[in-house]
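*Asks:* Chains H and A supply the protein sequences, listed in that same order.
Residue numbers 2 to 255, in this note's numbering, belong to the letters of the first sequence in order.
Residue numbers 162 to 279, in this note's numbering, belong to the letters of the second sequence in order.
Take this structure first; my questions come after.
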Amino acid sequence: CTSLVAQDKTGDLFHARNLDFGLFLGWDVKNQTWALTERLRPLIINVEYQQGGKTVAKGVHFAGYIGVITGMKPGVLSLSMNERFQLEGGFIGIIEWIIGQRDGQWMGFVLRDAVVKATDFNSTLQYLTSVDLLAPGYIILGGNSSGEGAIITRSVGTKADNVKMLDPAHGTWYLVETNYDNWKNPPFFDDRRAPATKCMNTMSQANVGLKGIFNVLSTKPVRNLLTTYTALMHVRNGTLDTYLQYCPQPCFPW
Amino acid sequence: QEFPPFTEDCRTDAYPPPVNTKVGTYVLNLDQAPEDRWTGLVKPMADKMKIMIQDIKDLVGIFVNETKAINLVDELLAPLTDTFPEPYQGELRGIANATGIPLGEVVLYNIFYEVFTV
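Below is the structure:
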């Protein structure tokens with residue numbers, strides 16, 4: 002996955018993500034595609050959460066998956082979650098849950114609660130930094146006011162390994178997160194951060210907007226054979242638009 | 162970006178994307194009972210969900226005895242539903258009822274992130 006939060010020169014925030022999924026889960030030799038990725042694409046749907054006839058949140062779902070990994074509360078915040086691979090990852094959390102040790106919470110449920118119940122950026126940031134999780138992950142958060150953007154690097158349990166904040170006053174007008182710790186170099190065989198960074202810099206802050214960010218996320222290898230969709234979120238306007246993504250060959254497999 | 166043809170220069174022409182790639186919207190009414198609120202979405206998509214889950218079963222079957230693995234999923238994961246907070250356990254039951262997909266498999270699909278991070 003690749004997630005981006007960017008602030009334009011007026012202080013307006015945009016949040017977008019590519020969802021890549023299905024690595025090593027079946028390779029279609031004939032079509033040169035990942036089998037599960039192709040199966041997931043037709044299940045993608047935007048969901049508008051309504052209560053009392055009013056929209057309280059929006060999310061991008063796979064039909065039948067009730068957790069949130071991409072979502073927003075109009076006028077308040079947006080979030081996305083990128084996978085973090087760790088040996089002591091979610092598998093141990095599941096076993097602990099099965100044997101009755103249930104302190105942790107499931108990622109999709111936590112994020113859905115966070116986005117539906119969100120009142121403001123800072124309290125949600127605080128909550129997602131310390132909530133007890135069953136699996137690690139990178140949680141990317143965007144708000145509604147200048148400087149409200151963060152990448153929370155989460156481990157299992159209550160530990161946040163790192164919180165990187167947007168800091169436009171000191172030149173950090175965007176944040177990029179893929180599937181690796183942002184304070185370390187990504188592996189040479191899966192570096193989507195450098196191309197995304199290069200394209201964000203080429204675009205420049207003057208051109209931040211849904212168009213520019215979509216172009217960045219559509220550039221190979223940021224877009225790759227695992228990419229199922231690109232979601233574009235604009236909290237201030239309350240819009241969440243999702244587009245299916247395909248990557249015609251030649252295209253990198255991840 | 163040093164390895165063409167798999168990489169390309171920063172694109173400036175991808176937006177706007179083709180209209181037929183735009184995803185539709187489903188309204189989830191939180192005032193409805195958890196068991197009912199996803200039915201309108203998952204019932205018409207049940208076949209696609211079953212195909213996707215069958216793919217996972219086929220994949221599992223390459224490594225372990227598929228029947229045993231699926232029995233384990235049904236026996237172990239279906240009762241797990243009772244341990245989830247509301248409204249999630251009600252919603253999972255509603256999806257299983259609406260689609261005819263065994264509850265254990267619906268649970269597996271919904272905790273796949275936790276499984277996959279390893």
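Every residue, glycine too, gets a C-beta built ideally from N, C-alpha and C.
Quick caveat, the model's predicted, so the values are computed rather than measured.
To be precise: take each residue of the region 218-238 of chain A, compare its Cβ to all Cβ atoms of chain H, and keep it if any distance is under 8 Å. Which residues remain?
*Replies:* Hits within the stretch, in order: D219, L220, L237.
*Asks:* I want to verify the contact list: residues of chain A whose CB lies under 8 Å from the CB of M262 of chain H, in sequence order.
*Replies:* The structure shown has nothing for residue 262 of chain H, since chain H only spans 2 to 255.
*Asks:* Span of the alpha helix (DSSP H) holding I214 of chain H?
*Replies:* Walking along the first sequence from the start, residue 214 of chain H turns up at place 213. It spans 211-218 - the alpha helix (DSSP H) in which I214 of chain H sits, taken as one unbroken run.
*Asks:* Measuring CB to CB, does I140 of chain H end up less than 9 Å from L211 of chain H?
*Replies:* Translated into positions along the first sequence, residue 140 of chain H becomes position 139. Translated into positions along the first sequence, residue 211 of chain H becomes position 210. Result no, Cβ atoms of I140 of chain H and L211 of chain H do not sit closer than 9 Å.
*Asks:* Select from H:A119, H:P196, H:T71 the residue whose C-alpha is nearest the C-alpha of V48 of chain H.
*Replies:* As a position in the first sequence, residue 48 of chain H is number 47, starting the count at 1. With distances taken between Cα atoms, V48 of chain H lies closest to H:T71.
*Asks:* So the candidates are H:I46, H:G76, H:S219; which of them puts its Cα closest to the Cα of Y66 of chain H?
*Replies:* By one-based count along the first sequence, residue 66 of chain H stands at place 65. It is H:I46.
*Asks:* With 9 Å set as the bound, which would you pick, yes or no: does the beta-carbon of T182 of chain A sit closer than that to a beta-carbon of chain H?
*Replies:* As a position in the second sequence, residue 182 of chain A is number 21, starting the count at 1. Judged by the 9 Å Cβ criterion, T182 of chain A is in contact with chain H.
*Asks:* Is A304 of chain H helix, strand or coil when you go by DSSP?
*Replies:* Lying outside 2 to 255, the shown extent of chain H, residue 304 of chain H is not represented and no answer is given.
*Asks:* Exposed or buried, what is H171 of chain H when buried is set at 16 or more other beta-carbons lying within 10 Å of its beta-carbon?
*Replies:* Position 170 of the first sequence holds residue 171 of chain H. By the neighbour-count criterion, in which 16 or more other beta carbons inside 10 Å mark a residue as buried, H171 of chain H falls on the exposed side.
*Asks:* So, is the C-beta of N271 of chain A closer than 9 Å to a C-beta in chain H?
*Replies:* Residue mapping note: residue 271 of chain A aligns to position 110 of the second sequence, counting from 1. By this cut-off, N271 of chain A is an interface position.
*Asks:* In terms of alpha-carbon separation, which member of A:Y176, A:T173, A:A207, A:R198 lies closest to G261 of chain A?
*Replies:* On the second sequence, residue 261 of chain A is found 100 positions in, with the first residue counted as 1. Minimum Cα distance to G261 of chain A is reached at A:A207.
*Asks:* Leaving aside the five residues before and after E97 of chain H along the sequence, list all residues of the same chain whose C-beta is less than 6 Å from its C-beta, in chain order.
*Replies:* For the purposes of this step, residue 97 of chain H is taken as the residue at position 96 of the first sequence. No residues qualify anywhere along the chain.
*Asks:* Once the 5 residues before and after E84 of chain H are set aside, which same chain residues still bring their CB inside 6 Å of it?
*Replies:* Taking the first sequence and counting its residues from 1, the one referred to as residue 84 of chain H is at position 83. Cβ within range, chain order: N180.
*Asks:* Nearest CA to the CA of W28 of chain H: which residue from H:L241, H:L227, H:N183?
*Replies:* Numbered from its first residue, the first sequence carries residue 28 of chain H at position 27. Nearest of H:L241, H:L227, H:N183 to W28 of chain H, Cα basis: H:L227.
*Asks:* So which of H:A119, H:F110, H:T120, H:G94 has the shortest CA-CA distance to T278 of chain A?
*Replies:* Position 117 of the second sequence, counted from the start, is the residue given in the question as residue 278 of chain A. For the residues H:A119, H:F110, H:T120, H:G94, the minimum Cα distance to T278 of chain A belongs to H:G94.
*Asks:* Where do the N-terminal and C-terminal ends of the beta strand (DSSP E) with T120 of chain H fall, by residue?
*Replies:* Within the first sequence, residue 120 of chain H is the residue found at index 119, counting from 1. Looking at the DSSP string, T120 of chain H is not in any beta strand (DSSP E), and its letter there is neither H nor E.
*Asks:* Could you name the residues of chain H that A175 of chain A contacts, counting a contact when the two beta carbons are closer than 7 Å?
*Replies:* One-based indexing of the second sequence puts residue 175 of chain A at position 14. Those within 7 Å of A175 of chain A in chain H are F215, N216, S219.
*Asks:* Is the region 11-20 of chain H close to the region 30-38 of chain H, with three or more CB pairs under 8 Å?
*Replies:* no
*Asks:* Note down, in chain order, each residue of its chain lying with its Cβ closer than 6 Å to the Cβ of T3 of chain H, except the 5 sequence neighbours on either side.
*Replies:* The residue you call residue 3 of chain H lines up with position 2 of the first sequence. The beta carbon of T3 of chain H is closer than 6 Å to those of N19, T179, R193, A197, V223 in its chain, skipping five residues each way along the sequence.
*Asks:* Once the 5 residues before and after G251 of chain A are set aside, which same chain residues still bring their CB inside 6 Å of it?
*Replies:* Residue mapping note: residue 251 of chain A aligns to position 90 of the second sequence, counting from 1. Taken in chain order, the residues that qualify are P195, E196.
*Asks:* Would you call the CB atoms of N163 of chain H and I152 of chain H closer than 9 Å?
*Replies:* For this step, residue 163 of chain H is matched to residue 162 along the first sequence. For this step, residue 152 of chain H is matched to residue 151 along the first sequence. Taking 9 Å as the Cβ cut-off, N163 of chain H and I152 of chain H qualify as a contacting pair.
*Asks:* Buried or exposed for F86 of chain H, going by 16 or more other Cβ atoms inside 10 Å?
*Replies:* Within the first sequence, numbered from 1, the residue matching residue 86 of chain H stands at position 85. Exposed is the call here.
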